[in-house]
Ligand code: A3P
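In the working numbering, the protein residues as written are 60 to 914.
Take a look at the structure:
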């Protein structure tokens, strides 16, 4: 008996016992015993107890039963093909615009370019006035701006205006009021200032009318010939094709049905300065359709600025309605004269992972492959160059039922119609291989299989098989397509790579439905130009558009269990430091490091062969050596009771990218910095590099270095910058505090570290919350010869830092000291403010001295 027939026969037997038992047996591979015992027994019993006619009827009935059970339990059977596959949804976006050409033609009229002839003096940045940073609309606006990489600044309305200009340039290209009434009721002085700015720099205003508790009927907007009705329920939104605001958004369609919310505002105007951008109709539930008032009500209105020379776009509702998100982007583009316009080009690639992989019954049959091919050719009409990108594992070729194996063959017959990329031969994930030779072997297997198949890289992830089981139901999927998340993803991103799986293309073919529908919807409602390219070209384009993203950012694999799961078993997140001593250089960081190393509960990194004890991971090229390289500095020490690990790299403090990188990997780490007089720090640093033979430092005096102007030779200017920049403490601390919370940062007064290190170390232990808290006064002693505190050893002896720490050099010249006092004045003032803001009650003496009036 073939395996298949054994399987079928045993299925029948188990139908008497229930599905659970059947599944358990099939899974346990117990099919053989049942077939060899129960079926012959049944037949013998039938022959013995009933006549032949009854026996035949019984066999027919039994066969029928077998068929039903088999169809229900084993969808992969050949019988399953008799089942109606009618749940499969068909793309159903009806688009009036493209109907004649199947939605395929490119937009008939080119999208307007909002660029203006005027000589603009504005930065492409948005100023957003909000009632509070926590309102839904504020979050929606911020999210939309972030998604579209539009720079913005949020200001809470009601306070004084932020600085609007920078020399002769306007800092903002558009002003947004989350609540328009805050603009209308602004105090006279600020309002005049803001309006003046808008007129002088040709800057427009976007305003949202906030829902009101009381329903207003025909209320006038303060100071404007514009009247509003509030708290309405509306339906059927449509756009004004004549509106010059529309660019990304394509007019001509109607978003049928009720609009989200029951607090819409509509506008009525009696001045030609106003022109509707969007209309809708009243929604009156349970009111006969024929009797409904079909009057179009303006829900978004444009003020051409004919009355006061300021252009505005006013929304009668927030950004809940998907169309308003597009209109908001168009308003920013229009009001900034194209400075904030998004490109209309979008590129799309759809990966289909796991080709040939997959359970019997979930794989592609010939009709699925046919559907894949015909959908692809339809999509190519509006996405030139579109080809599905297939990721395969050769080992599973022909592992389905007959129908599916034919599907596999058909895919290969059409190999050139798709793009391809390779998974591992047996679909194993490469990082799970412990044995490199085996990994290479398996990779080669797949390569041999793929000799004829060009391979590319892969992208994102999605998976679902049946519409009925779609999480949240079919409405949820349709919502995502028709203006929702999937639609918006494509609108906001110039390059989109979607990851799907083979199983999404069999069964209900949800992926075909989803992509064809969303592309049609985009075609209906936007002027976006879609195209596609192979992955490598897409990658090149992406990094050309976003060069800043070429740099890797190492995150903590343990922050996400999914990442942790795919991480090698011999790695652990405990191999990352708990705190960082970030510098800056020459403030006493080595002394602090040596004191910390005396603590029994602390362990620093193992020394770096290239940078002495410092790893310098986050600031230099070492970052590109990767996470493993960094973690190797923190090996688990056998029998070590240390619970806290740390590293000290004094160059971290002023490294431009360091705070961001450090936060990405160590978001909960504590930071320790030491500050001394920036002037003294600069002088100590100069002495340090001079001692190390720096040619420029040896050719120029300290005064010449610090006073070098911008016409000085480059090496001198570079040295000046390296000498002076770290001392701009407030600037650097601001950057750190953009990433880390203030309570993660501990500032040590470097002069106190020098004069009373025990007290400094006690405070530091409290901040780090390390136990046991040891008494440093018993471990450190002042060494008069060295002039510094040193480690106490063997009773009364001291072990001090080497000659390079606490050097002897002449005192700084007075002219340099005065120059630096002036140079750092504004930075030191800002530092005092920052320290006060973060609750530091005592201002270091050196800071007070540096801020005293220069003589
Ligand atoms: P100088 O050598 O210019 O005096 P860093 O370790 O960050 O490079 O800082 C070196 C500075 O630490 C020295 O600068 C010295 O003034 C200061 N320092 C503070 N406490 C010290 C200590 N206990 N021993 C030696 N130097 C100390």
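The C-beta atom is built at its ideal place from N, Cα and C for all residues, glycine as well.
None of these values were measured; they are calculated from a predicted model.
What do you get for residue 595, buried or exposed, if any count of 16 or more other CB atoms within 10 angstroms of its CB means buried?
exposed
Between which two residues does the beta strand (DSSP E) harbouring residue 340 extend?
333 to 341
Report the start-end ranges of each alpha helix (DSSP H) in the segment 661 to 734 that is 4 residues or longer and not cut off at the edges.
686 to 690 and 717 to 724
Reference residue 693, options 745, 705, 575 and 242, closest by Cα
705
For residue 371, which of helix, strand or coil comes out of DSSP?
strand
I'd like to confirm something about residue 741: is its beta-carbon nearer than 7 Å to some heavy atom of the ligand A3P, or not?
no
How do the segment 318 to 328 and the segment 369 to 384 stand: do at least 3 beta-carbon pairs fall below 8 Å, yes or no?
yes
How about residue 198: is its C-beta nearer than 8 Å to some C-beta of chain D?
You won't find chain D in this structure, because it holds only one protein chain.
Just checking residue 644 against the ligand A3P - is the residue's beta carbon closer than 7 Å to any of the ligand's heavy atoms?
yes
Classify residue 849 as helix, strand or coil using the three-state DSSP reduction.
strand
The ligand A3P heavy atom lying under 7 Å from the CB of residue 705
no
Following a CB-centred definition, is residue 864 positioned closer than 7 Å to any heavy atom of the ligand A3P?
yes
Is it buried or exposed, residue 119, if we count other Cβ atoms within 10 angstroms and call 16 or more buried?
exposed
Within the segment 163 to 212, note down every full beta strand (DSSP E) run reaching 3 residues or more, in order along the chain.
184 to 189
Over the uninterrupted alpha helix (DSSP H) stretch that includes residue 554, give me the two end residues.
Per DSSP, residue 554 belongs to no alpha helix (DSSP H); it is in the beta strand (DSSP E), 554 to 560.
Give me the Cα-Cα distance between residue 253 and residue 819, rounded to the nearest whole angstrom.
50 Å
Check residue 296 in the structure and name its three-state DSSP category.
strand
Taking the alpha carbon of residue 666 as the point to measure from, which residue in 389, 680, 614 and 688 has its own alpha carbon closest?
688
In chain order, what are the residue ranges of uninterrupted beta strand (DSSP E) at least 3 long that sit wholly in the segment 561 to 626?
588 to 590
Per the DSSP calculation, residue 739 is bridged to which residue(s)?
Bridge partners of residue 739: none, in fact.
Over the uninterrupted beta strand (DSSP E) stretch that includes residue 405, give me the two end residues.
404 to 414
State the DSSP-derived secondary structure class of residue 328, mapped to helix, strand or coil.
strand
Should residue 813 be listed as close to the ligand A3P, given that the test is whether its C-beta is under 7 Å from any heavy atom?
yes
Could you check where the alpha helix (DSSP H) with residue 427 kicks off and where it finishes?
425 to 441
Since residue 313 is in the beta strand (DSSP E), which residue starts that stretch and which ends it?
313 to 317
Only counting the same chain, and skipping five residues up and downstream in sequence, which positions put a Cβ closer than 8 Å to that of residue 776?
767 and 769
Quick one: using the 10 Å Cβ neighbour count with 16 as the cut-off for buried, is residue 873 buried or exposed?
exposed
Exposed or buried, residue 744, counting other C-beta atoms within 10 Å across all chains shown (16 or more means buried)?
buried
Looking only at its chain, what residues have a beta carbon closer than 8 Å to the beta carbon of residue 172, apart from the 5 residues adjacent to it on each side?
306, 397 and 400
What residue range does the alpha helix (DSSP H) around residue 880 cover?
873 to 882
Near residue 541, which residues of its chain fall below 6 Å by C-beta distance, leaving aside the five closest residues on each side in sequence?
580
Excluding the 5 residues preceding and the 5 following residue 363 in the sequence, name in chain order all residues of the same chain whose CB lies nearer than 7 Å to its CB.
332, 334 and 370
Between 810, 220, 658 and 554, which has its C-alpha nearest residue 600's C-alpha?
554
Between the C-alpha atoms of residue 603 and residue 190, what's the straight-line distance to the nearest angstrom?
38 Å
Run the CB neighbour count on residue 325, radius 10 Å, all protein chains shown included, and call it buried at 16 or more, exposed below.
buried
Close beta carbons around residue 609, own chain, < 7 Å, minus the five adjacent residues each side
602
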